[in-house]
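What follows is a single structure, written as structure tokens, with notes after it.
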Amino acid sequence: MARIYISLGSNIEPTHYLKAGLQSLRTYFGPLQLSSMYESESVGFNGTNFLNMVVCAQTELNIAEVVAQFKQIEQNHGRLMGAKKFSPRTLDIDLLLYDDVVCQTPVILPRAEIVSNAFVLWPLSEIAPDLIHPLQQKTYVAMWDEYDKTSQKLWPVTFEWPYGLTF
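Be aware that the sequence shown starts at 1, since it is given in UniProt numbering, and climbs by one per residue.
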């Protein structure tokens with residue numbers, strides 16, 4: 001079984017779509033470990049704020065199958081395929097890590113947003129503080145400690161989830 005870390009985000013009815021996305025992820029990947037929920041300003045375009053979190057799961061699927069499943073979940077929850085990269089979305093699901101695999105295809109792993117976006121690094125450092133980034137060779141908590149926290153506005157928010165941080 002591979003341990004995967006997943007970024008979830010939404011800025012269109014975000015509470016609704018993130019809950020729906022989590023239910024779908026649980027259906028396909030089993031038990032999930034959840035970070036806290038964070039609100040952030042849009043990055044790369046002017047838009048409403050996003051809600052973001054990171055989820056850990058385990059899978060027997062290969063990387064291509066995992067990514068395909070994420071795309072299907074996004075589409076099932078109203079994500080329009082072909083929409084421009086920096087735009088509002090109902091649900092955005094990205095594979096951040098697949099064990100300690102480093103690859104360029106079928107997706108780039110580890111995902112570059114880990115290093116560049118607070119809305120990925122902070123929740124990842126919360127649920128995998130001692131895990132070592134396969135390229136940076138630093139723990140995620142150390143990377144978050146070193147991150148320029150003035151570069152992006154981000155704050156924790158209450159997320160009502162009846163199952164707790166693991167379900």
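Think of the CB as a built atom: it goes at the ideal place given N, C-alpha and C, for glycine as much as any other residue.
Owing to the predicted nature of the structure, the values given are computational and were not obtained by experimental measurement.
Using beta-carbon positions only, say whether residue i and residue j come within less than 8 Å of one another.
i      : j      : result
Ala128 : Lys149 : no
Leu25  : Val157 : no
Pro134 : Asp100 : yes
Leu121 : Met53  : no
Val67  : Leu34  : no
Leu4   : Thr59  : Leu is not the amino acid found at residue 4; the sequence shown has Ile there. It is a contact, given that the beta carbons lie within the stated cut-off.
Gln137 : Met143 : no
Within a Cβ cutoff of 8 Å, which residues of the same chain sit near residue i, ignoring the five residues on either side of it in sequence?
i      : result
Ile63  : Leu95, Tyr98, Val101, Cys103, Pro106, Val107 and Leu109
Asn11  : Ser42, Gly47, Thr48, Asn49, Phe50, Leu51, Pro88 and Arg89
Ile73  : Gly21, Ser24, Leu25, Tyr28, Leu91 and Ile93
Ser151 : Ala118
Is it right to say residue i is buried, meaning 16 or more other beta carbons lie within 10 angstroms of its own, or is it exposed?
i      : result
Thr90  : buried
Glu126 : buried
Gln14  : Note on identity: in this sequence residue 14 is Pro, with Gln being the wrong assignment. Classification for Pro14: buried.
Ser116 : exposed
Ala57  : buried
Met37  : buried
Does the ligand GTP have even one heavy atom less than 7 Å from the beta-carbon of residue i?
i     : result
Gln58 : The model on display carries no ligand, and the ligand GTP is accordingly not part of it.
Quick one: residues in its chain with C-beta nearer than 6 Å to the C-beta of residue i, no 5 flanking neighbours on either side, listed in chain order?
i           : result
residue 226 : Nothing in the structure corresponds to residue 226, since the chain is present only between 1 and 167.
Val141      : Ser125 and Pro129
residue 169 : Because the chain here runs from 1 to 167, residue 169 falls outside it and cannot be looked at.
Can you tell me which residues form a DSSP beta bridge with residue i?
i      : result
Ser10  : Leu51
Ile132 : Thr139
Arg3   : Gln58
Asp92  : Gly9
Leu124 : Looking at the DSSP assignment, Leu124 forms no beta bridge with any residue, so it has no partner.
Excluding the 5 residues preceding and the 5 following residue i in the sequence, name in chain order all residues of the same chain whose CB lies nearer than 7 Å to its CB.
i      : result
Tyr147 : Ala118 and Leu121
Lys153 : Ser40 and Glu41
Open item on the list: If we require 4 or more residues per run, which alpha helix (DSSP H) segments fall completely within the segment 14–89?
Closed with: 14–29 and 63–76
Open item on the list: Just to confirm the assignment: which complete beta strand (DSSP E) runs, minimum length 3, are found wholly within the segment 136–164?
Closed with: 154–157
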